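Heads up, the thing below is written out as C-alpha cells.
2 protein chains.
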Amino acid sequence: MSNAAALERETGTNFMPRYDAQGLVTGIAIDAHSKDVLMVAFMDAEAVARTRETGLAHFHSRSRGRLWLKGETSGHFLRVQDILVDCDQDALVMLVKPEGPACHTGARSCFYRKLAGDGLVPVEE
Amino acid sequence: MSNAAALERETGTNFMPRYDAQGLVTGIAIDAHSKDVLMVAFMDAEAVARTRETGLAHFHSRSRGRLWLKGETSGHFLRVQDILVDCDQDALVMLVKPEGPACHTGARSCFYRKLAGDGLVPVEE
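Just so you know, the sequences run in chain order A and B.
Using full-length UniProt numbering, you'd call the opening residue of the first sequence number 1 and step up by one each time.
Using full-length UniProt numbering, you'd call the opening residue of the second sequence number 1 and step up by one each time.
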C-alpha cells in the first residue's frame, strides 16, 4: 500500500475497508448501552454490505464458509446503532442493541470468563 | 476439533487459546475506566505469554512479522488489568490503563471515526 493510500485511509472521510488476504476485517459487537463487549467475529464485504443495508449485524462464518446473520436461528439479532472504524480500516466496532443473549451458550456476552492465575474464572456481572 | 474439546474450551476453567491457521487470536484493548475500545490487533502465543508475564499489552505485527510491544517506540504502553476470554477462546479482551494515546496517529483511540451515510465522520468525544 502506498503512503498516500495509507494516509487517505487514516485521515480521510471515505469508507474503504482494508480486507486481509482472506477478504476479512474484524467485527466487534459492543452493547451500546452498557458498553460491554458482546462478541467478536469476522466480516467480509458481503457481511459489511448486508449489515449496513439491514441494520442487523452480519458476519462471515469461517467454519461454515458463508454469510451469517447473527440471530438467524436463535432470533437473537444485534441491532446496529453505529459503526466505528479504526485508523487503518481493518476493524469495525458495532454499537448494538442485542435482542437476547449474544453468545450461543446462552450467556449475555461471549466474554463470560477472565484469566486468573493459570486458569479461567467467571466474570462477575 | 472434537465436540468434547469444544465443550471443554467453552465451559472449562483451562486457558487454551484457539490460534488460527496463522497462529493468531484477536486482541482487543479496552480502556478499563471509560470502557472505550482503544485498538484491535492480533496476538500469537508469544504475544499472549509476554503480555501475561509483563502486564503490558503485546501483539504480533503481521506487517512486520514480529512481536510488538505496544508503546515500544512511543512510550504509550497499555497496562493490562484484566484479560477476558470468549467462548471459543479465539479472542481476548484486555482491560487496560493507557499511558498515552493508543493510536499511532496520536488519537486517544484508533476508533476516531464512524460511518455516516456513505462516508466517515469524527466520533464525538
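All residues carry an ideal CB built from backbone N, CA and C; glycine is no exception.
Remember, predicted model here, so these are calculated numbers, not experimental data.
Minimum C-alpha distance to residue i - residue among the options
i        : options                               : result
Asn14/A  : Gly119/B, Gly23/B, Glu124/B           : Gly119/B
Lys114/A : Glu124/B, Cys110/B, Asp88/B, Tyr112/B : Asp88/B
Ala107/B : Ser74/B, Asp90/B, Leu56/B             : Ser74/B
Ile83/B  : Glu8/B, Pro17/B, Ala5/B               : Pro17/B
Arg62/A  : Val123/A, Gly27/A, Phe111/A           : Gly27/A
Lys35/B  : Lys97/B, Leu7/B, Asn3/B               : Lys97/B
Ala116/A : Met43/B, Arg9/B, Gln81/B              : Gln81/B
Arg66/A  : Ala32/A, Ile30/A, Asp90/A, Leu24/A    : Leu24/A
Leu92/B  : Pro122/B, Leu7/B, His76/B, Val37/B    : Val37/B
Boundaries (first-last residue) of the beta strand (DSSP E) holding residue i
i        : result
Thr26/B  : 25-31
Ala91/B  : 91-98
Leu84/B  : 78-85
Leu56/A  : Premise fails: Leu56/A is in no beta strand (DSSP E) and is neither H nor E.
Arg66/B  : 66-69
Ala41/A  : 37-43
Gly121/B : It should be pointed out that residue 121/B corresponds to Val in this sequence rather than to Gly. Per DSSP, Val121/B belongs to the beta strand (DSSP E) from 119-122.
Chain A within 8 angstroms of residue i, Cβ atoms only
i       : result
Asn3/B  : no
Glu10/B : yes
Distance, residue j Cα to residue i Cα
i        : j        : result
Ala49/A  : His58/A  : 9 angstroms
Met94/B  : Gln22/A  : 25 angstroms
Thr105/B : Met39/B  : 12 angstroms
Leu78/A  : Gly71/A  : 7 angstroms
Asp86/A  : Ala5/A   : 15 angstroms
Ala47/B  : Tyr19/B  : 12 angstroms
Glu10/A  : Thr11/B  : 40 angstroms
Gly100/B : Asp44/A  : 32 angstroms
Glu124/B : Gly55/A  : 21 angstroms
Glu53/B  : Cys110/A : 25 angstroms
Asp31/B  : Phe42/A  : 22 angstroms
Asn3/B   : Ala102/A : 21 angstroms
Val121/A : Thr51/B  : 18 angstroms
His33/B  : His60/A  : 32 angstroms
Tyr112/A : Ala29/B  : 17 angstroms
His76/B  : Leu69/B  : 10 angstroms
Residue range of the alpha helix (DSSP H) that includes residue i
i        : result
Ala116/A : Element bounds for Ala116/A: not the alpha helix (DSSP H) but the beta strand (DSSP E), 113-116.
Asn14/B  : Run containing Asn14/B: none; DSSP gives neither H nor E here.
Cβ of residue i within 8 angstroms of any chain B Cβ
i        : result
Phe15/A  : yes
Thr105/A : yes
Worksheet entry | Positions along the segment 81-97 of chain B whose CB lies within less than 7 angstroms of some CB in chain A | Asp82, Ile83, Leu84, Val85, Asp86, Cys87, Ala91, Val93
Item to complete: For the segment 24-39 of chain A, enumerate the residues whose C-beta is nearer than 9 angstroms to any C-beta of chain B, in chain order.
Response: Thr26, Ile28, Ile30, Ser34, Lys35, Asp36, Val37, Met39
Discussion item. Please list, in chain order, the residues of the segment 111-123 of chain A that have any C-beta partner in chain B closer than 8 angstroms.
Written reply: Phe111, Tyr112, Arg113, Lys114, Leu115, Asp118, Gly119, Leu120, Val121, Val123
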